[in-house]
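Chemist: In our numbering, the protein residues as written are 126 to 544.
#1: What beta strand (DSSP E) runs, 3 residues minimum, are completely inside the region 423–474?
#2: Going by DSSP, what residue range makes up the alpha helix (DSSP H) through residue 410?
#3: If you run the structure through DSSP and keep just helix, strand and coil, what is residue 300?
#4: Taking 7 Å as the limit between beta carbons, can you name the residues of its chain near residue 310, skipping five residues before and five after?
#5: Note down the Cα distance separating residue 545 from residue 286, rounded to an integer number of angstroms.
#6: Which value, in whole angstroms, describes the spacing of the CA atoms of residue 540 and residue 408?
#7: State the CB to CB distance for the pair residue 324 and residue 405, rounded to an integer number of angstroms; the pair is presumed to be in contact (CB under 8 Å).
#8: Return the chain-ordered ranges of every beta strand (DSSP E) run that is complete within the region 287–360 and spans a minimum of 3 residues.
#9: Which partner residues of residue 363 appear in the DSSP bridge assignment?
#10: Would DSSP call residue 490 helix, strand or coil?
#11: Here's the rule: buried if 16 or more other CB atoms are within 10 angstroms of the residue's CB, otherwise exposed. What is residue 510?
#12: Is the separation between the beta-carbon of residue 355 and that of residue 308 shorter than 8 Å?
#13: For the region 342–360 against the region 393–400, are there 3 or more C-beta pairs whose distance is under 8 Å?
#14: If you check the beta carbons only, do residue 294 and residue 388 fall under 8 Å apart?
#15: In or out: residue 315 buried (at least 16 other Cβ within 10 Å) or exposed?
#16: Could you name the residues of the same chain whose beta carbon sits closer than 6 Å to that of residue 186, not counting the 5 residues immediately before and after it, in chain order?
#17: Work out the CA separation of residue 163 and residue 149 for me, nearest whole Å.
#18: According to the Cβ coordinates, are residue 282 and residue 537 closer than 8 Å?
#19: CB-CB under 7 Å to residue 212, same chain, minus the five flanking residues each way: which ones, in chain order?
#20: Let me check understanding here. Comparing Cα to Cα, which of 513, 338 and 312 lies closest to residue 358?
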């Protein structure tokens, strides 16, 4: 550290074998330093100092003194025995502490975003493996149940209902808690990746004369960047639909045109728009000194949780009515469930079905493909279009109950609760 004629200070340091200098980045006037010859500790220390000064005729002079105090002790003495309070460059005092021949080794890391994203993606992958195992076990148990039945018209209806149901929706509702956790992790990993949300040190970190700056960036339209991202958006729009709206649409999956329209209007469209809104909110966080302290990905999670909560409130009713109109245009309507039926408590006051199959009276019989999406339904408890809550009676004690004639003409297998 050499004092210049202007009263400023020149900090020199060695980088990769090259001596570099940052001139006048640390300035102290003579009135600030209270120079005293005793501060140098001449003849008492084990360090050496070099002083450069300029005479009136413009000639630069250099003087070297040995056996002096250490650089830190000299600086502390200059400013009155206290640590400097001015804006020294980063690591300046650390450099002085190491002595005159010290070198600074700087390392940087761009935060934990990549590590956390990889962890979330790994957890999501394990969860989808669990999803696949559950689907396999359910299909095996269902196929075994049907195979043990004698061949009849009822069996053909049962097979149609099993094939017609949405297995993904069945497993999602049967294991709702775990599947929501897995789906949400995958959903967050998707949005973090598609927005390219990341934080990194600015390029000026290599200049020790400037304070390093840590910057975060978020892309808004990453889910429309290319065809691959649009395909991923379509994939995760179903996850979004399952997280928010699936419980409100019982039976919609059994009629493919209605299922496609519902998935588009309740999944793809709102997700495509809300992904932009959430990304913009996260951008506002970058400009807020208070919110900037929250981890980048944690803030994204909190915003999405708030969005999901709002979407499950009555504020979405106008849009849901619009979706109902669109479903009606393609031939899908609500079938009301009789209030005295136990299925009313399981499914709600309605389920979705083709308009041609809607009956005027409130339903006591519900298609098996719809019931399969109910968590507590056990297929083994179904016999002769009836669901036995406590299990099917022994074959010798089972008595066929009278049922409406229209059941035999249906492709679906309809079920009511045994009284």
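Backbone N, C-alpha and C fix where the C-beta goes; we use that ideal spot for every residue, glycine too. Here the structure is a predicted model, which is why all the values come from computation and not from measurement.
Modeler: Short version:
#1: Counting only runs of 3 or more, we get 457–461.
#2: Looking at the DSSP string, the run of the alpha helix (DSSP H) that includes residue 410 is 394–411.
#3: Coil at residue 300, not helix or strand.
#4: Within the same chain, residue 310 has close Cβ partners 245, 248, 249 and 252.
#5: Nothing can be reported for residue 545, as the shown portion of the chain is limited to 126 through 544.
#6: Residue 540 and residue 408 have their C-alpha atoms some 52 Å from each other.
#7: At roughly 18 Å, the Cβ-Cβ gap does not stay under 8 Å, so residue 324 and residue 405 are not in contact.
#8: List check, beta strand (DSSP E) in window: 323–326 and 339–342.
#9: Looking at the DSSP output, residue 363 sits in no beta bridge, so it has no partner there.
#10: Residue 490 falls in the coil class under three-state DSSP.
#11: Classification for residue 510: buried.
#12: Not in contact: residue 355 and residue 308 (Cβ atoms no closer than 8 Å).
#13: In short, these stretches touch, since the Cβ pair count reaches three.
#14: Not in contact: residue 294 and residue 388 (Cβ atoms no closer than 8 Å).
#15: With 16 or more Cβ atoms within 10 Å of its Cβ, residue 315 is classed as buried.
#16: Within the same chain, residue 186 has close Cβ partners 178.
#17: Because residue 149 carries a pLDDT of 41, less than 50, the predicted location of this residue cannot be relied on, and the following value inherits that uncertainty. Between residue 149 and residue 163, the C-alpha separation is close to 25 Å.
#18: Going by C-beta atoms, residue 282 is nearer than 8 Å to residue 537.
#19: The pLDDT assigned to residue 212 is 49, lower than 50, so where the model puts this residue is not dependable; a value taken from the coordinates is nonetheless given after this. Answer for residue 212: no residue qualifies.
#20: Closest by alpha carbon: 312.
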